[in-house]
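Worksheet: one structure, shown below.
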Amino acid sequence: MEIMALHMDFGVEIHGVDLRDATPTNLYPEIRQHFEQYSLLLFRRQHLDIGEQNRFARLFGPLEDRSVVTMDNEPPEISPVSNVDESGQLMHSRHQRLLDLQSNMLWHTDSTFLPIPALVNVLQALVVPASGGDTEFVSSRAGFARRSAKEQSELRTRVFHHKYGHSREKIDADLAKQERFAMWPPQRWRAVWKNPVNQTESVYIASHAWAVDGMDPDEGSTYLTELMSALTRPQDIYAHPWEPGDVIVWDERAILHRGTPWPYDEERTLHSLCVSARDIDGLESIRPTS
Ligand SMILES: [Fe+2]
C-alpha cells in the first residue's frame, strides 16, 4: 500500500489496493489506521458495484438507514447523488432533488441531524460531467488546531443544535417544508469531537447547525457563520475532480465537505454510503452532559 499526500493538512491517495480484497483482517486494519491519521482516503479506478461498496463500507461499522432520502429503485442504504431521476431523465432546474443537491453545496458534515450521526462516508463516482462537479473538503481537525488556546477552550464547552431543515431553508423555503427534512427532532452535539485513537480534536459543525447553547439566536447564528468561515479558508481546501471509479472515504468527525456546481444538462451520478458512529468512535463523548 503506497500513500501520497493530497493536502498539507489532511488526505492521502492510496495506491495498490483493490477494495474488493479488504476484509476485517486483510487491508482494512491498515486502511483504518490511515483513516484515523489522515481523515480522507482516495482510491482510484475501483468501479465497485453496489454490493461491493456496501461490503467495504460495513467494515467501518453499521450502515446508516438512508431510506428517507433514496429513490424507490435503489437499495435503502445507497444515497444517489445524481441529477438523473427515477426514469433516467435529467432533472429540470427546479426539481426538488436538484435543490437538495444544491443544499449540499453548503459546507457540511453528513447526518449531524440524526439521533446517531455518521462516522464515515464512502462515496464513489459513477458518471461525471466534462467539467465542474468537484467535491471540496477541509480538515476541521486542522481548523481546530489553528484556533487560539482561548478559543479552543471555549469551543470545548460549546454545544451546537443541528436540524436537517435548516440547511434546506437556506436554499429553498418550500424544500425545507418537506416531511423528510422535519422528521427528526433537533439534535445537540458538543462542538469538539476528540478522536479516541489518537486524541486529536476537531470542530464538529455543519450547515445543519442553527443554534448555540447559551446564545440568543442572532448571536449563535453569527458565531456559527464566523466559525465556519474560519475553518474553510481557500487555502484549507482540497478540491477533488472526480473520475469514474474513484472512491473517497472520509472521517465525518474531522472533515467538512461541499459539492460544487456543474452544467446540469450533463449527468453526474455518485453513490454515497454512510456508516453510523459508535461509542468506540467517540460518539458518547460528543453527547452534552446537560
Ligand atoms: Fe454530504
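Throughout the sequence shown, residue numbering follows the working numbering, covering 140 to 429 in sequence. Positions of the beta carbon are idealized from the N, C-alpha and C atoms, including for glycine.
Alpha-carbon to alpha-carbon, residue j and residue i
i, j, result
"Pro-427", "Lys-309", "27 Å"
"Val-267", "Pro-201", "28 Å"
"Tyr-343", "Leu-240", "22 Å"
"Glu-358", "Gln-192", "42 Å"
"Ser-368", "Ala-196", "31 Å"
"Asp-224", "Pro-254", "29 Å"
"Asp-160", "Leu-198", "12 Å"
"Tyr-403", "Leu-262", "20 Å"
"Ser-287", "Asp-420", "26 Å"
"Trp-332", "Thr-361", "21 Å"
"Ala-144", "Asp-418", "29 Å"
"Gly-282", "Pro-324", "29 Å"
"Glu-406", "Ser-292", "45 Å"
"Asp-375", "Asp-148", "8 Å"
"Lys-289", "Ser-232", "45 Å"
"Leu-265", "Leu-187", "9 Å"
Residue closest to residue i, alpha-carbon to alpha-carbon, out of the options
i, options, result
"Arg-327", "Val-351, Gly-155 and Leu-229", "Val-351"
"Thr-248", "His-347, Leu-145 and Thr-361", "His-347"
"Lys-316", "Ala-257, Gln-235 and Thr-162", "Gln-235"
"Thr-399", "Ala-257, Trp-246, Pro-325 and Gly-150", "Trp-246"
"Val-156", "Gly-304, Asn-334, Pro-163 and Ile-142", "Ile-142"
"Phe-276", "Ala-393, Arg-194, Ile-189 and Leu-409", "Ala-393"
"Ser-278", "Pro-373, Leu-198 and Ala-264", "Pro-373"
"Glu-175", "Val-386, His-396 and Thr-339", "Thr-339"
"Trp-381", "Ser-287, Phe-149, Arg-184 and Pro-335", "Arg-184"
"Leu-366", "Leu-166, Arg-297 and Gln-172", "Arg-297"
"Val-259", "Glu-405, Leu-395, Trp-401 and Trp-323", "Leu-395"
"Ala-284", "Leu-370, Phe-182 and Arg-417", "Leu-370"
"Asn-243", "Thr-274, Leu-265 and Arg-329", "Thr-274"
"Ile-153", "Thr-364, Ile-387 and Leu-181", "Leu-181"
"Ile-425", "Tyr-377, Asn-334 and Ile-376", "Asn-334"
"Met-322", "Asn-337, His-305 and Arg-329", "His-305"
"Lys-302", "Trp-349, Ala-312 and Lys-289", "Trp-349"
"Ala-378", "Leu-179, Thr-162, Thr-251 and Ser-250", "Leu-179"
"Pro-163", "Ile-387, Arg-194, Pro-383 and Val-336", "Arg-194"
"Ser-415", "Arg-397, Glu-391 and Trp-401", "Glu-391"
"Leu-158", "Trp-401, Ile-387, Arg-397 and Glu-423", "Ile-387"
"Pro-256", "Leu-238, His-300, Tyr-167 and Asp-355", "His-300"
"Ser-429", "Ser-250, Ser-341, Leu-314 and Gly-353", "Gly-353"
Endpoints, beta strand (DSSP E) assigned at residue i
i, result
"Thr-361", "Careful: Thr-361 lies outside any beta strand (DSSP E), inside the alpha helix (DSSP H) at 356-370."
"Ala-144", "141-144"
"Tyr-377", "377-379"
"Leu-98", "Residue numbering for the chain in the displayed model covers 140 to 429; residue 98 lies beyond these limits and cannot be assessed."
"Ala-448", "Because the chain spans 140 through 429 in this model, residue 448 falls outside it and cannot be assessed."
"Phe-276", "274-278"
"Arg-194", "Here Arg-194 belongs to no beta strand (DSSP E); instead the alpha helix (DSSP H) covers 189-197."
"His-154", "151-154"
Where the alpha helix (DSSP H) containing residue i begins and where it ends
i, result
"Lys-289", "288-296"
"Phe-174", "167-177"
"Gln-241", "235-242"
"His-305", "303-308"
"Leu-314", "312-315"
Which residues DSSP lists as bridging residue i, in chain order
i, result
"Asn-260", "Trp-389 and Cys-413"
"Phe-283", "For Phe-283, which the question treats as bridged, DSSP gives no partner whatsoever."
"Ser-221", "Thr-408"
"Trp-332", "Ser-341"
"His-231", "Per DSSP, none; premise fails for His-231."
"Arg-327", "His-300"
"Phe-182", "Val-386"
"Arg-267", "First, the residue type needs correcting, since residue 267 is Val and not Arg in the sequence shown. Val-267 pairs with nothing; no bridge assigned."
"Leu-202", "Val-414"
Q. For the 8 Å Cβ check, are there 3 or more pairs between the segment 409-422 and the segment 219-227?
A. Yes: at least three Cβ pairs fall under 8 Å.
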